[in-house]
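The numbering used here applies: residue 3 is where the sequence shown begins, and numbers increase by one.
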Amino acid sequence: MAYDYSDLIETSKTWATHAHSAGWLDEELADKLLTLDNRLPNALFSKDSRPLIVAFFGGSGVGKSTLINRLAGKPIAKAGIERPTSREVTLFYHQSLSLQHLPDHLPLSQINTAQHDEEAQKNIIWIDMPDIDSSTQANKQLVLQWLPHIDVLIYVVSPERYRDQKSWQLLLAEGARHGWLFILNQWDNGLPEQFDDFKVQLHKAGFFDPVIFKTVCTDNAQPDEFKQFEITITSLATQHIIEQLEQREQQVRKTELKTHLQFISNSLAQCPSEQLVLEEWTKHWQQSSKQLTQGLRWPCQQVANYYTNHASDLIQHAAHPIIAIWDTWAQSRFLDVLDEFFIDLQQRHLPSKPFKARVAQISDKTTKLMQHKIELAARHALVNPGNSWQRYFLKTMHICEIFLPLAAMMWVGSQVFIAFYQSNQSNMHYLGVDFAIHSALLIALTWLPPFFIIKKMQPSIKSSLLKGLDKGINQGMYSVDKQISEAIQMVYQEYNESMMTLKELIEHCEDTSAEQRVTIEKNSPLTRMLLN
Ligand SMILES: Nc1nc2c(ncn2[C@@H]2O[C@H](COP(=O)(O)OP(=O)(O)OP(=O)(O)O)[C@@H](O)[C@H]2O)c(=O)[nH]1
Ligand SMILES: [Mg+2]
3 MAYDYSDLIE TSKTWATHAH SAGWLDEELA DKLLTLDNRL PNALFSKDSR
53 PLIVAFFGGS GVGKSTLINR LAGKPIAKAG IERPTSREVT LFYHQSLSLQ
103 HLPDHLPLSQ INTAQHDEEA QKNIIWIDMP DIDSSTQANK QLVLQWLPHI
153 DVLIYVVSPE RYRDQKSWQL LLAEGARHGW LFILNQWDNG LPEQFDDFKV
203 QLHKAGFFDP VIFKTVCTDN AQPDEFKQFE ITITSLATQH IIEQLEQREQ
253 QVRKTELKTH LQFISNSLAQ CPSEQLVLEE WTKHWQQSSK QLTQGLRWPC
303 QQVANYYTNH ASDLIQHAAH PIIAIWDTWA QSRFLDVLDE FFIDLQQRHL
353 PSKPFKARVA QISDKTTKLM QHKIELAARH ALVNPGNSWQ RYFLKTMHIC
403 EIFLPLAAMM WVGSQVFIAF YQSNQSNMHY LGVDFAIHSA LLIALTWLPP
453 FFIIKKMQPS IKSSLLKGLD KGINQGMYSV DKQISEAIQM VYQEYNESMM
503 TLKELIEHCE DTSAEQRVTI EKNSPLTRML LN
């Protein structure tokens, strides 16, 4: 389905607002879209069938108001020698037309209306606009406010002012949006060379064969082309031509919108890839996590020393932990790392705002996260001191400490029993003092080594705590790194979605349905009125 220009503008504006608040689009680029006009001539009318809207446009004093007065046959607009004369728009239209639906942005206080009952001009609204080139800025604003509602602009010039820069610039900027007719007024003062030169200028601007009328609006009636001009306009006031002009304007504006969107898309596409940003973050984090670990060694030792001497506090402080390893130094160092990373992003033409917004949520909670990880690991280390090999060895030694002396005692007992039995049978000597000493020594020797080893190899609270704190710091840092990497991925996900919407919008701008496509017949009066 082909989209209407106004729908496309609305969607583009919504996109721009969102992309700007998310930080992808800077203010200047967003403004380019947000200030685009979605108003078309049909905005002045609620129903489908509408009149042709024709406006006199040009510099001050060229005779615009005099021309509309001549049309009306009475002074409906103020004309004179004062520069500028007109400071309002004058609307001249058939009495059957209703202009109750004027959009809010058109200043009603600056509208002057006059009606007629001329049947031939039933479908035309004539508008006399203020000048576009005077020092009165409000006049220019008023013209710009009305321009989107005009179908045909009648560019009025005088022989002495046909090369006027300001009007000419607007013609070039607005050119393709409207149909154009040209009036070389005050022809009573004109020269044929000026007419030719004006025609050449228009040709250069892109009008293959411009329609120019030479008029003289003085009291002493001189022959001129005013009547032909009136007939031409009247011939244009058909629904078919109005539709063609409307469709063409939509198409031109869609192309302009597409150019804007394409420009934005190109500038956003310069962002480095997700992979590159992730690598950049890893590089920053690897360097800084080493510094952080080194810097945290001292508070770790302080905490370990404290608990070695106050082991009982470990229980008491369960509810109020004093293990404040991740201190203000660590947090501010971490924030510095993030700042350095953001500066790096900016240097790579990547807007840092979307990243800052996501990362801020993480950095706010870093102290809590690190504390939690460190405490958990420290407690775990105290419950299970040493490494697994140490714990296995100590367990074995505990078993040996019990079972080796037991085995030695059983052996001694069995010897005592055997010796007693044999001495009864053979009247031999019973066991002597030597046996008693050796047996005691054997039992002592089987007990002492495991006892000694257990004593010596038992990990101290300090070393266990240090190990636990170290492990907690590593785990915490791993978590922070992971969370930031995930935040980067999420930002890129948003970026990709935003780019996808933008791409779709650009495609919709290219998309024109059959009924929206403008085909202007070769013999149509429009062919000479439209900019190539
Ligand atoms: N000689 C001569 N003077 C003309 C002609 N048409 C208009 N004038 C005079 O030119 C002066 C300016 O005319 P306006 O109709 O007020 O000009 P305008 O373009 O509306 O000027 P702004 O309202 O200031 O933009 C008036 O004094 C007119 O009498 C013409 O064909 N020949
Ligand atoms: Mg005027």
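Even glycine gets a Cβ: it sits at the ideal position worked out from N, Cα and C.
Any non-hydrogen atom of ligand 1 within 7 Å of residue i CB
i: P109; result: no
i: P225; result: no
i: R85; result: yes
i: A81; result: yes
i: D39; result: no
i: D133; result: yes
i: Q196; result: no
i: N191; result: yes
i: N187; result: yes
i: T220; result: yes
i: T217; result: yes
i: G60; result: yes
i: G75; result: no
i: G63; result: yes
8 Å contact criterion, which residue i and residue j should meet: CB distance rounded
i: I475; j: T295; result: 6 Å
i: W128; j: Y95; result: 7 Å
i: V361; j: S290; result: That belief does not hold up - the Cβ atoms of V361 and S290 are roughly 14 Å apart, past 8 Å.
i: A74; j: A122; result: Not a contact, Cβ separation roughly 14 Å.
i: Q112; j: L144; result: 6 Å
i: I364; j: W328; result: Incorrect: roughly 14 Å between the Cβ atoms, too far for contact.
i: S14; j: L35; result: 5 Å
i: T92; j: I70; result: 6 Å
i: D153; j: H180; result: 7 Å
i: L507; j: L263; result: 6 Å
i: N141; j: R89; result: 6 Å
i: G388; j: S466; result: 7 Å
i: L31; j: S269; result: 7 Å
i: T310; j: I439; result: About 43 Å; that fails the 8 Å criterion.
i: I78; j: A239; result: The pair is not a contact, with the Cβ atoms about 19 Å apart (cut-off 8 Å).
Any non-hydrogen atom of ligand 2 within 7 Å of residue i CB
i: K66; result: yes
i: D6; result: no
i: D130; result: yes
i: S88; result: yes
i: A140; result: no
Residue(s) in a DSSP beta bridge with residue i
i: T115; result: L93
i: A57; result: I129 and L155
i: K216; result: L186
i: G181; result: V154
Contact under 8 Å by Cβ, residue i with residue j
i: Y157; j: L173; result: yes
i: E276; j: I490; result: yes
i: S267; j: K505; result: yes
i: A24; j: E499; result: no
i: S67; j: P527; result: no
i: I185; j: T217; result: yes
i: K256; j: Y7; result: yes
i: E176; j: L204; result: no
i: A57; j: M131; result: yes
i: W331; j: E403; result: no
i: S169; j: G60; result: yes
i: S98; j: K76; result: no
i: T220; j: D190; result: yes
i: F343; j: H400; result: no
i: W26; j: P353; result: yes
i: A326; j: L471; result: no
i: S459; j: Q373; result: Note on residue identity: the sequence assigns Met, not Ser, to residue 459. No, Cβ-Cβ distance for M459 and Q373 is not below 8 Å.
i: L396; j: I456; result: yes
i: S481; j: L337; result: no
i: C511; j: L38; result: no
i: I214; j: F228; result: no
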